[in-house]
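2 protein chains.
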Amino acid sequence: MSEKTSPPENAPDARERIIEVAADLFLKQGYGATGIAQILEAADILRGSLYYYFPTKEDLLLATLEWRKKMFWPEVVQPVFDRLDDPLERMFGILDGYRNLLLVCEFQMGCPIGNLALELSESNPRVRQLLAENFDNWKNAVKGCLEEARHKLPEESRPGDMAHFVLTVMEGAVMLARTYRTIECYDQAIDRLRDYFDRLQSAATEWGGKPASKRHQSAHKK
Amino acid sequence: MSEKTSPPENAPDARERIIEVAADLFLKQGYGATGIAQILEAADILRGSLYYYFPTKEDLLLATLEWRKKMFWPEVVQPVFDRLDDPLERMFGILDGYRNLLLVCEFQMGCPIGNLALELSESNPRVRQLLAENFDNWKNAVKGCLEEARHKLPEESRPGDMAHFVLTVMEGAVMLARTYRTIECYDQAIDRLRDYFDRLQSAATEWGGKPASKRHQSAHKK
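So the protein lines, in turn, are chains A and B.
Position 32 of the first sequence, counted from 1, bears residue number 35 in our numbering, the numbering being contiguous throughout.
Position 82 of the second sequence, counted from 1, bears residue number 85 in our numbering, the numbering being contiguous throughout.
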């Protein structure tokens, strides 16, 4: 990335630092409200360096979305998976991560992607594409959990659709918690989601389509 | 509102027109991205008139949020209630209204409040307060439906919590549909919500806590 001319200061550190600082500011205050001067100050970098790596603000936005995509698994998913084994608890563990973020930052930050999704849905197709790819990543992680927990759920509940629903609930819950500034808004919604999953599990075990023997077999698959 | 000095042009039409135009622009492109010049042009109004009614952009934002609050029942709820009688279908009818909006505007617009909620959650307390009041309005309409349908739902499902969940799902579903630009994103989420309500209804009727006779009684409590 820095072969055409020599990079203005200690690359690749500078580039990475700009991305991290910008991602953080976009998360906290939105894309439109974040000015170049703010990014320069927070990254402690010269204007020339910023323009060297990112000729436009949109280039920087795209880089932050790529970076979010790359960081999702190691930062959001892996710590939860290291801590929990049960696939459904892993899913709720991911949701719990957003709860913690809301609390730690006192509702200043929510989901980095959801935050930008509504603001930028009219942006260029590449931006929307990267927002969607980030959502896809999220859904795939949860879909994996749901596939593992498939034997606990009714046969008709498709993991992909369910993962989409879980993301839907998370994004809506973060939005409401940030607006009302109470964690109860988040908890109430996740409680309902848990109730839904409890009912799905009851349906699968009590009067679901699969015979008990088959259920027991699949219970050991994970 | 116009007693201190004489209003610059045909008030109250001008004031109302500014509010409607601004509400529309904030919905389509966000608050930050909407410039004063754009509002002047769309409302076909002079700069002096705008400043007369709304000394700051935030004053105008607050007015649009008050206006949204006022318009919610007649524009969003009443047409659905006029068309449908069943309380749960009324609730899904309200959700259907957002589906239509997404389709008609080709995903350019979603929920006017959700759209601003994430962008403005760091704004002044009055803005957040009005966003929350709009959400409250929404939840109250749905809560009313759920109270009416109480006899169909398990005793433990509290209408207020459920209404909060329904709003959560709607907001998340609009966000995803706008990002992916497919109505399937909205439909998938609402289908899961319907599945949840179907399961709640089964629980209340098939093996719920209430005996049948008691259920019938509570059907008249509303």
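Cβ atoms here follow ideal geometry from the backbone N, Cα and C, with glycine treated the same way.
Determine the DSSP secondary structure at residue i, reduced to helix, strand or coil.
i: residue 50 of chain A; result: helix
i: residue 178 of chain B; result: helix
i: residue 33 of chain B; result: coil
i: residue 96 of chain A; result: helix
i: residue 170 of chain A; result: helix
i: residue 115 of chain A; result: helix
i: residue 58 of chain A; result: coil
i: residue 110 of chain B; result: coil
i: residue 152 of chain A; result: coil
i: residue 44 of chain A; result: helix
i: residue 1 of chain B; result: No answer is possible for residue 1 of chain B: the residues shown for chain B start at 4 and end at 225.
i: residue 38 of chain A; result: coil
i: residue 87 of chain A; result: coil
i: residue 205 of chain A; result: helix
i: residue 78 of chain B; result: helix
i: residue 69 of chain A; result: helix
i: residue 136 of chain A; result: helix
i: residue 162 of chain A; result: helix
i: residue 184 of chain A; result: coil
i: residue 216 of chain A; result: Low per-residue confidence applies at residue 216 of chain A: pLDDT is 38, beneath 50, and the placement is therefore not dependable enough to give any value.
i: residue 19 of chain A; result: helix
If we call anything under 8 Å between Cβ atoms a contact, is residue i one with residue j?
i: residue 172 of chain A; j: residue 156 of chain A; result: no
i: residue 98 of chain A; j: residue 138 of chain A; result: no
i: residue 115 of chain B; j: residue 26 of chain B; result: yes
i: residue 133 of chain A; j: residue 91 of chain A; result: no
i: residue 33 of chain B; j: residue 175 of chain A; result: no
i: residue 30 of chain B; j: residue 42 of chain B; result: no
i: residue 71 of chain A; j: residue 46 of chain A; result: no
i: residue 37 of chain B; j: residue 28 of chain B; result: yes
i: residue 118 of chain B; j: residue 121 of chain A; result: yes
i: residue 130 of chain B; j: residue 179 of chain B; result: no
i: residue 110 of chain A; j: residue 192 of chain B; result: no
i: residue 177 of chain A; j: residue 113 of chain A; result: yes
i: residue 79 of chain B; j: residue 100 of chain B; result: yes
i: residue 86 of chain B; j: residue 148 of chain B; result: no
Using a cut-off of 9 Å between C-beta atoms, extract the partners of residue i located in chain B.
i: residue 26 of chain A; result: Going along chain B, no residue has its Cβ under 9 Å from residue 26 of chain A, so there is no contact; the nearest lies around 16 Å.
i: residue 29 of chain A; result: Correct list: empty, because the minimum Cβ distance to chain B is about 12 Å.
Under 7 Å between beta-carbons, which chain B residues line up against residue i? List them in chain order, please.
i: residue 84 of chain A; result: Within 7 Å Cβ-Cβ: nothing; residue 84 of chain A doesn't reach chain B, min ~23 Å.
i: residue 125 of chain A; result: 32, 111
i: residue 172 of chain A; result: 171, 172, 175
i: residue 183 of chain A; result: 135
Run through chain A and tell me which residues come within less than 7 Å of residue i, C-beta to C-beta.
i: residue 74 of chain B; result: Neighbours of residue 74 of chain B on chain A: none; closest Cβ ~19 Å, over 7 Å.
i: residue 164 of chain B; result: 191, 195
i: residue 138 of chain B; result: 179, 182
i: residue 71 of chain B; result: The premise fails here: residue 71 of chain B is roughly 14 Å from chain A at the closest Cβ pair, so nothing lies under 7 Å.
i: residue 57 of chain B; result: None at all; the shortest Cβ gap to chain A is about 20 Å.
Under 9 Å between beta-carbons, which chain A residues line up against residue i? List them in chain order, please.
i: residue 158 of chain B; result: The contacting residues do not exist; residue 158 of chain B stays about 13 Å from chain A at best.
i: residue 129 of chain B; result: Here the premise fails: no neighbours, minimum Cβ distance about 13 Å.
i: residue 95 of chain B; result: Result: empty, since nearest Cβ-Cβ is about 16 Å, beyond 9 Å.
i: residue 154 of chain B; result: Per Cβ cutoff of 9 Å: no residues; residue 154 of chain B is ~19 Å from chain A at best.
Quick one: which chain B residues come within Cβ less than 8 Å of residue i?
i: residue 118 of chain A; result: 121
Using a threshold of 7 Å, is the CB atom of residue i nearer than that to any non-hydrogen atom of the ligand GDP?
i: residue 119 of chain A; result: The ligand content of the structure shown is nil, which means the ligand GDP is not present either.
Taking Cβ-Cβ distances shorter than 8 Å, what residues in chain A pair up with residue i?
i: residue 35 of chain B; result: 33, 35, 36, 122
i: residue 202 of chain B; result: 199, 202, 203, 206
**Report entry** Validate contact between the stretch 182-198 of chain B and the stretch 116-126 of chain B using beta carbons, cut 8 Å, 3 pairs
**Finding:** no
Query - Cβ contact (3+ pairs, closer than 8 Å) linking the stretch 94-107 of chain A and the stretch 41-59 of chain A - result: no
Query raised in the report: With a cut-off of 8 Å, do at least 3 Cβ pairs link the stretch 140-147 of chain A to the stretch 188-204 of chain B?
Result: no
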